[in-house]
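In the working numbering, the protein residues as written are 49 to 431. Working notes, beginning with the structure itself.
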Amino acid sequence: RKSASTLRVMALDYLEAQLVSFPEMGEFFNDFKLLYQQKLYHQLSVKLQECLKVPFFQANDTLLRLYNNFVKTIQTNIDPVELSIFAVHASKQCSDVDTSMKFLESIEEVVTEKNKEAWLILHLERGQYELELKPPKLESAKEMIEKAKSLMGEFEGMRDIVHSAFYRVCLQYHKETGTPSEYFQNAMMFLSYTDIADIPKPDTITLSTDISVAAVVGEVFSFGELLQHPILKNLEGTPNEWLIRLLHAFNDGNIQSFESIVADNPDKEMLSIHRKSLDRKIRYMKLMDMIFHRPTHDRNLTFDEIRTECVLVDNGAVEYLLMEAMCRNLIKGTIDQVSGFVQISWVQPRVLNEKQLNGLRERLKLWSAELVDVVKFLEIPRS
């Protein structure tokens with residue numbers, strides 16, 4: 049085992065060699081050297097975080113070598129969370145997934161569970177690697193997710209990066225298990241804690257595609273939040289741009305637009321495999337849209353109206369659609385089968401787009417005008 053002084057000399061020799069080999073990176077290697085010599089570990093930790101975004105360090109095994117030859121000598125001196133973040137980036141440069149996992153395990157021993165945030169970052173990244181194995185270790189990953197969830201529940205005010213890491217593993221787990229509704233929920237949570245600029249471009253395209261598919265095929269009935277998220281811009285100009293139009297069709301309950309998209313994309317497996325459930329879902333969305341556009345005091349819909357708007361074959365199909373929508377907690381109300389109408393008392397709230405907000409604004413104006421008329425009527429003197 050080498051002494052601390054020997055390791056220190058070796059670390060400085062390594063930095064000096066890097067300065068000679070890569071003079072264009074002098075800003076970093078020279079600063080590393082000076083801060084190390086002056087034992088300014090906080091400033092050194094900040095500088096190490098800066099290098100993570102530099103292409104030079106992202107290439108080959110540069111970060112990994114920097115860790116093994118330099119960072120390792122100060123791993124107990126710098127901020128544990130920043131050490132974990134650096135280690136996660138370095139682990140991606142290992143030769144294979146198993147090596148990456150062993151590398152992170154060795155750093156978990158340094159960090160320990162005493163620093164929950166730092167330990168969780170490493171633990172969750174190992175969970176991510178479990179899912180990248182062929183075949184993925186689903187049970188092991190699930191156990192790691194549960195342990196992380198338990199630890200996070202004990203600690204308030206964790207940094208966004210921990211939440212981001214947690215939901216990233218969760219969404220990947222649900223992608224592997226084929227549970228689109230859960231995937232969608234975790235993906236949206238991941239995006240709420242993650243700066244898109246920190247996600248590699250290829251990953252943003254994959255994520256935007258997967259989350260769009262999950263929203264459509266899963267038990268998801270509110271698309272507004274996703275449609276407003278900049279992640280979808282990554283689909284523009286790609287072969288999957290049609291998914292944006294599909295999301296808009298479902299958000300609006302536009303059956304004609306949906307059927308047009310299906311007709312234009314006969315090669316899309318997702319549409320053919322899920323066609324039956326998508327046909328039902330677009331009609332749920334149309335029903336909800338019909339209710340949304342009715343004033344709250346006039347939400348009695350006839351079976352004939354619903355049959356026409358939702359493109360259904362007969363009143364039996366209308367009744368079935370209503371019962372299914374109620375079972376899914378999309379609407380609440382009372383069906384009068386004899387008279388052929390439904391009285392709606394509640395519709396599931398959802399995030400509105402600009403067009404829907406404008407419609408709501410117009411109804412509020414109308415309601416306000418009606419209220420003014422009522423006030424004027426009440427103010428008329430009675431003899």
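Glycine included, each C-beta is placed from N, C-alpha and C at the ideal position.
Whole-angstrom distance between residue j and residue i, CA atom to CA atom
i       : j       : result
His-171 : Glu-307 : 45 Å
Thr-286 : Leu-294 : 14 Å
Ser-51  : Leu-92  : 22 Å
Met-336 : Ala-365 : 16 Å
Lys-120 : Ile-155 : 9 Å
Met-149 : Ala-262 : 29 Å
Phe-118 : Gln-97  : 14 Å
Gln-385 : Arg-342 : 21 Å
Pro-228 : Ile-259 : 8 Å
Glu-372 : Ile-428 : 49 Å
Glu-267 : Val-57  : 60 Å
Ile-244 : Trp-290 : 22 Å
Gln-66  : Ala-107 : 15 Å
Asn-299 : Lys-195 : 36 Å
Glu-204 : Trp-167 : 15 Å
Ile-253 : Ile-209 : 21 Å
Glu-157 : Glu-224 : 29 Å
His-137 : Glu-72  : 22 Å
8 Å CB neighbourhood of residue i in its chain, flanking five on each side removed
i       : result
Lys-185 : Glu-178, Leu-179
Thr-382 : Val-390, Gln-391, Ser-393
Gly-388 : Thr-350, Phe-351, Asp-352, Asn-363
Residue span of the alpha helix (DSSP H) that contains residue i, given as start and end
i       : result
Gln-86  : That residue, Gln-86, is in no alpha helix (DSSP H); it is neither H nor E in DSSP.
Thr-147 : 145-159
Asn-117 : 110-117
Thr-121 : No alpha helix (DSSP H) contains Thr-121, which DSSP labels as neither H nor E.
His-222 : 208-225
Ile-133 : 128-139
Cβ neighbours of residue i in the same chain (closer than 7 Å, five flanking residues each side left out)
i       : result
Cys-218 : Ile-193, Asn-234
Leu-239 : His-277, Ile-279
Ser-256 : Ile-279, Leu-280, Asn-282, Leu-283
Lys-334 : Gly-301, Ile-303, Glu-357, Cys-358
Ile-292 : Leu-280, Leu-283
Exposure of residue i, with buried meaning 16 or more beta-carbon neighbours within 10 Å
i       : result
Tyr-368 : exposed
Gly-175 : buried
Lys-81  : buried
Leu-83  : buried
Cys-99  : buried
Asp-79  : buried
Pro-248 : exposed
Thr-124 : exposed
Phe-104 : exposed
Ser-198 : exposed
Gln-86  : exposed
Ala-311 : exposed
Glu-153 : exposed
Pro-128 : buried
Ile-321 : exposed
Contacting residues, own chain, Cβ-Cβ under 6 Å from residue i (five flanking each side not counted)
i       : result
Thr-242 : Ser-212
Met-237 : Tyr-215
Ala-189 : Gly-175, Glu-178, Leu-179, Tyr-221
Start and end residues, beta strand (DSSP E) containing residue i
i       : result
Leu-280 : Here Leu-280 belongs to no beta strand (DSSP E), and DSSP marks it neither H nor E.
Leu-12  : Any answer about residue 12 is impossible in this case: the structure gives the chain only from 49 up to 431.
Report task. Could you tell me which uninterrupted alpha helix (DSSP H) segments, each at least 4 residues in length, are contained entirely in the region 356-389, listed from first to last along the chain? Result -> If only complete runs of 4 or more residues are kept, the region 356-389 shows the alpha helix (DSSP H) at 363-375, in order along the chain.
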